[in-house]
Structure formats: C-alpha cells, structure tokens
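Reviewing the structure listed below.
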Amino acid sequence: FFYFDGRFYYGYKKTWIPAKDGYLNSLIWYELSKSWTKTSKDKIIPFPVTQTIVTNVIKAAIGIRDLRYIIIENGSYERNEELGSIIWINKRPSLPDAKDLLVCKNKIVNYRNLNVYDKTLNLFCITTLNVNYDTSLDEPVRCDKFLKDNFENQPQINEVLKRDAYLCCPDYIPNTLALFMMKGRTGSGKGTNIAFLREILGRDNHTETSLFALGDRFGLEPLLGVAVGFISDIEDDSVMKNAQGLAFERMKKISSGIDYIEVRLVGGHFVSVKMPLKLVLAAPVMVRFSKSVGEFVRRLQITDYKKQYSLDKDKCPNALDPDENCLRDMIAEKDAYFTHRIIKQGLKMLLTDGFKSTEEAKKNMQEIKDEGNPFIDMLF
Numbered sequence: 002f003f004y005f006d007g008r009f010y011y012g013y014k015k016t017w018i019p020a021k022d023g024y025l026n027s028l029i030w031y032e033l034s035k036s037w038t039k040t041s042k043d044k045i046i047p048f049p050v051t052q053t054i055v056t057n058v059i060k061a062a063i064g065i066r067d068l069r070y071i072i073i074e075n076g077s078y079e080r081n082e083e084l085g086s087i088i089w090i091n092k093r094p095s096l097p098d099a100k101d102l103l104v105c106k107n108k109i110v111n112y113r114n115l116n117v118y119d120k121t122l123n124l125f126c127i128t129t130l131n132v133n134y135d136t137s138l139d140e141p142v143r144c145d146k147f148l149k150d151n152f153e154n155q156p157q158i159n160e161v162l163k164r165d166a167y168l169c170c171p172d173y174i175p176n177t178l179a180l181f182m183m184k185g186r187t188g189s190g191k192g193t194n195i196a197f198l199r200e201i202l203g204r205d206n207h208t209e210t211s212l213f214a215l216g217d218r219f220g221l222e223p224l225l226g227v228a229v230g231f232i233s234d235i236e237d238d239s240v241m242k243n244a245q246g247l248a249f250e251r252m253k254k255i256s257s258g259i260d261y262i263e264v265r266l267v268g269g270h271f272v273s274v275k276m277p278l279k280l281v282l283a284a285p286v287m288v289r290f291s292k293s294v295g296e297f298v299r300r301l302q303i304t305d306y307k308k309q310y311s312l313d314k315d316k317c318p319n320a321l322d323p324d325e326n327c328l329r330d331m332i333a334e335k336d337a338y339f340t341h342r343i344i345k346q347g348l349k350m351l352l353t354d355g356f357k358s359t360e361e362a363k364k365n366m367q368e369i370k371d372e373g374n375p376f377i378d379m380l381f
C-alpha cells in the first residue's frame with residue numbers, strides 16, 4: 002500500500018483502491034492481533050493491540066509509504082518534476098508518459114495514440130474507470146439514440162462527447178477548462194445522463210457534494226482522489242447568494258487545473274495538492290453568478306437539456322413519454338460507449354479542437370449577461 006496526497010491506497014487485482022471506512026485501521030489491527038511479543042521474563046504472549054498502537058502505526062506509515070517521496074528516492078522522477086495523479090512507481094525509458102494514459106477495468110489505454118497495454122500495479126492511478134476498452138463491441142445504439150433525442154444537432158452532441166471524455170481523464174489537459182454545467186428542468190434527461198456517467202466513472206471516482214460543503218473546513222477531504230464532483234443543489238439564485246465565499250474560491254482554484262489547494266484533514270493535518278477534479282453543476286435554470294465568482298464563468302461548458310419527459314400530461318402537456326428502460330439499456334452499452342464514443346471520438350475531438358461554444362451555449366452566456374451582472378461584460 003501507499004500514501005498519496007492525504008489518502009492510503011492498496012493494490013488489489015492490478016488496481017489501486019482507496020482505503021476507506023477504516024479499512025487500514027482494521028487491517029493493521031487484524032495483523033497485529035495475530036502477532037506475538039516477548040515479555041521482560043522472555044515469556045511469549047499475544048501482542049496487546051490497542052487503538053493507540055494502531056494509530057501510531059498508521060502515522061508512521063504516512064512517512065514510510067509516502068509515494069511521492071518513494072518515486073523520487075528510487076530515481077523514477079526528479080524532485081522538482083511536476084506530477085499528476087497517475088504515475089509510474091518504477092519508471093523506465095521504454096514506458097509511455099503516464100499523463101497520457103487512462104486505466105480501465107481490463108486495459109491501460111494511451112488516449113493520444115490508442116496504444117493498449119496490460120494492466121500493472123507499477124502504474125499508480127487513483128481513478129480506474131468502471132469500463133472495459135473493447136474495439137470488438139458493436140456501436141452503442143441506445144446511447145446514440147439518447148444523444149440524438151436530447152440534443153438538436155451534431156455540434157451539440159460533439160460537445161457532450163468531449164465533456165464525457167474529459168471527465169474520464171485522470172488529470173487535467175493543459176489549457177482546458179474544468180467546470181461544467183448541466184441545465185435542464187426536472188425530467189429533462191440530465192439525471193439519467195449523470196447516473197450513466199457515474200456508472201462509467203465507478204463508485205470511487207465520483208462524489209456528490211454541495212456549495213455549502215465546499216465551504217466547510219473539512220469540505221475538500223471527501224474530494225481527495227476523486228475524478229468528478231457533482232453539485233446538484235443549485236436550485237435557484239438563493240443558493241448562489243448564500244453559499245460561502247470560501248466555496249467559490251475553492252471552485253475557482255479547482256477549475257483552474259494549476260493551483261495548489263490546502264486541504265484540511267480530520268484530525269488537524271493539512272495537505273497541499275493539485276486536485277485532479279472536474280466539477281459538474283446541475284441546475285434547472287441558468288443561475289446568476291455573483292461578481293465574486295464571475296471570473297470563472299468563462300470556464301463553464303454548458304450542456305442544455307431542452308426536452309422534458311413525463312407521463313403526467315396535466316402538469317407537463319408538452320412532455321414526451323419517458324423510456325423507463327433507458328438508463329438500464331445505456332448502462333448495458335457503457336463499454337461500447339466508452340470505446341467508440343469517448344475514446345475514438347470525444348477525446349480525439351477534444352485534443353484536436355478543444356471545447357467550442359455552441360449557439361445554445363452562447364445564448365446561455367447571454368442570459369447571464371442580461372440578468373444584470375456587470376462583471377460578465379468582460380467575457381464578451
């Protein structure tokens with residue numbers, strides 16, 4: 002196991018897994034309980050385990066198993082070398098650049114040239130995706146239908162594919178924004194889209210947070226080692242107005258992709274890290290950003306979900322009939338969607354063209370401007 006940026010990870014079946022929910026505490030207690038010790042009278046007795054002893058072992062392990070220190074001492078990286086969240090433990094000249102790699106359930110994929118490698122614990126990655134890369138799979142028919150049903154044209158679909166691709170990347174792509182917004186009414190499909198993305202990312206690679214949690218003194222600790230944070234409490238302007246300024250300051254640093262952030266851990270310790278975190282805000286309407294946060298509005302990549310699905314025609318007379326099996330059928334195609342749409346299309350377009358502002362996104366930005374925020378004038 003290793004300690005990396007405020008959290009322990011252990012290797013299991015060629016995958017690095019975060020040690021959560023007291024796992025390491027239980028493991029050390031269990032191992033020590035099987036040990037023996039010798040008394041002053043040379044009598045062999047079971048080792049007297051206590052929580053204090055276990056806690057001290059964990060504290061010692063933080064220094065002994067600090068991966069950033071180990072890879073410098075073993076010569077894999079230089080002391081001043083910029084490291085991301087995916088690194089070689091024992092780097093050799095023949096190995097590809099770690100920052101160009103995605104780790105899936107079955108393979109390691111170089112997303113720049115599509116070279117494929119067998120998985121190995123020598124590649125430390127905290128964001129293994131919950132999908133297989135398999136070029137033999139058929140096209141994701143149901144996923145394609147979802148895209149065509151919910152977005153008006155191919156340029157909008159392309160931006161969605163690029164967004165999904167970026168959310169799967171373990172680190173930031175240089176000069177690329179990292180703040181996304183899904184705008185749409187209840188029943189518009191954005192919830193289905195988020196649930197589908199969670200399945201692709203995997204349980205340990207995403208979390209649900211809130212603006213208020215981000216402003217809490219321990220609000221960043223649950224986001225350590227997480228690829229994507231979903232913020233879905235932005236129901237109206239009051240949330241934006243009342244949220245703490247610290248939350249917005251942290252969002253600004255996270256979305257920059259280059260700033261170090263000081264994270265306070267439970268117990269009083271601090272770590273200073275670059276968080277490989279992409280934030281996804283979900284809201285029913287275009288929210289009004291205050292002047293204090295207006296400077297990162299230009300980093301927003303807005304996806305507009307304009308359709309509405311409901312069986313209640315009294316409340317939603319223009320709504321379409323929902324497909325109750327939509328999410329299930331899309332999840333069944335997640336490997337195909339990842340292979341054919343995210344890797345072969347989304348990432349390729351993202352690396353070539355970056356994000357582009359669609360006509361719909363321009364309208365949303367104009368809506369922010371028209372709401373009377375003078376700070377947004379500088380964005381146009």
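When the letters of the sequence shown are read in order and numbered with the numbering used here, they come out as residues 2 to 381.
All C-beta atoms in this analysis are idealised placements derived from N, C-alpha and C, irrespective of residue type, glycine included.
I need the boundaries of the alpha helix (DSSP H) containing residue i, first residue and last residue.
i, result
"LEU215", "212-215"
"ASP330", "327-333"
"GLU79", "Counting along the chain, GLU79 falls outside any alpha helix (DSSP H), and DSSP gives it neither H nor E."
"PRO47", "Not the alpha helix (DSSP H): PRO47 falls in the beta strand (DSSP E), residues 45-47."
"PHE147", "142-151"
"LYS1", "This structure leaves residue 1 out entirely; the chain is present only between 2 and 381."
"LEU138", "Premise fails: LEU138 is in no alpha helix (DSSP H) and is neither H nor E."
Are the Cβ atoms of residue i and residue j separated by less than 8 Å?
i, j, result
"LEU84", "VAL55", "no"
"THR38", "ILE46", "yes"
"ILE255", "LEU278", "yes"
"ASN133", "TRP89", "no"
"PHE147", "MET350", "no"
"ARG251", "ILE259", "no"
"GLN2", "ALA20", "According to the sequence displayed, residue 2 carries Phe and not Gln. In this structure, ALA20 lies closer than 8 Å to PHE2 by Cβ."
"GLN382", "GLU200", "With the chain running from 2 to 381 in the structure shown, residue 382 is simply not present."
"TYR306", "GLY203", "no"
"PRO171", "SER257", "no"
"LEU215", "ALA248", "yes"
"ARG143", "GLU334", "yes"
"PRO97", "ASN111", "yes"
Just verifying my parser: in three-state terms, what is the DSSP assignment at residue i?
i, result
"ALA20", "coil"
"PRO375", "Model confidence at PRO375 stands at a pLDDT of 40, short of 50, so the residue's coordinates are unreliable and nothing is read from them."
"ASN26", "helix"
"THR101", "Note that residue 101 corresponds to Asp in the displayed sequence, not to Thr. Three-state result, ASP101: helix."
"GLN302", "strand"
"GLY192", "helix"
"PRO223", "helix"
"THR208", "strand"
"ASP172", "coil"
"VAL264", "strand"
"TYR167", "helix"
"LEU380", "At LEU380, the pLDDT of 38 sits below 50, so the modelled position is not reliable and the matter cannot be decided from this model."
"VAL132", "coil"
"LYS184", "strand"
"ASN159", "helix"
"ILE232", "strand"
"ILE127", "coil"
"ILE344", "helix"
"ILE201", "helix"
Suppose the cutoff is 8 Å on Cβ atoms and the five residues either side in sequence are ignored; what does the same chain contact list for residue i look like?
i, result
"LYS14", "none"
"ILE109", "LEU102, LEU103, VAL117, TYR118, ASP119, LYS120, THR121 and LEU124"
"LYS149", "ILE158"
"VAL267", "PHE219 and GLU222"
"LEU130", "LEU103, VAL104, CYS105, LYS106, CYS169, ILE201, LEU202, GLY203, ASN206 and PHE339"
"THR177", "TYR167, GLY258, LEU351, GLY355 and PHE356"
So, under 8 Å CB-CB, residue i and residue j are touching, yes? Tell me the CB distance rounded to an integer number of Å.
i, j, result
"PHE231", "VAL281", "5 Å"
"VAL58", "ILE29", "5 Å"
"PHE181", "ARG164", "6 Å"
"ALA337", "LEU115", "About 16 Å; that fails the 8 Å criterion."
"GLU304", "LYS184", "The sequence given here has Thr at residue 304, not Glu. Contact flag correct, Cβ pair sits at about 7 Å."
"ILE127", "TYR10", "6 Å"
Nearest chain E C-beta to residue i closer than 8 Å, yes or no?
i, result
"ILE259", "The structure shown contains no chain E; it is built from a single protein chain."
In chain order, what residues of the same chain have a beta carbon less than 7 Å from the beta carbon of residue i, not counting five sequence neighbours either side?
i, result
"THR40", "ILE46"
"ILE72", "TYR78, ILE88 and ILE90"
"VAL50", "TRP30, LEU33 and SER34"
"VAL227", "ASN206, HIS207, THR208 and LEU278"
"ALA166", "ILE343, GLY347, LEU348 and LEU351"
Among residues of its own chain, excluding the 5 on either side of residue i, which ones have a beta-carbon nearer than 6 Å to its beta-carbon?
i, result
"ARG186", "PRO285 and GLN309"
"GLY373", "Because GLY373 sits at a pLDDT of 45, beneath the cut-off of 50, its placement in the model cannot be relied upon, and the point is left open."
"LEU68", "PHE3 and PHE5"
"ARG8", "PRO19, LEU225 and GLY226"
In the DSSP assignment, the beta strand (DSSP E) including residue i goes from what residue to what residue?
i, result
"LEU351", "Looking at the DSSP string, LEU351 is not in any beta strand (DSSP E); the run it does join, the alpha helix (DSSP H), is 349-354."
"LEU278", "Run containing LEU278: none; DSSP gives neither H nor E here."
"THR38", "37-39"
"TYR70", "Taken as a continuous stretch (DSSP letters only), TYR70 belongs to no beta strand (DSSP E), being part of the alpha helix (DSSP H) at 68-74."
"GLY12", "8-13"
"ILE108", "Inspection of the sequence shows that residue 108 is occupied by Lys rather than by Ile. Taken as a continuous stretch (DSSP letters only), the beta strand (DSSP E) holding LYS108 covers 108-111."
"TYR4", "3-5"
"ASP119", "117-119"
"ILE88", "87-89"
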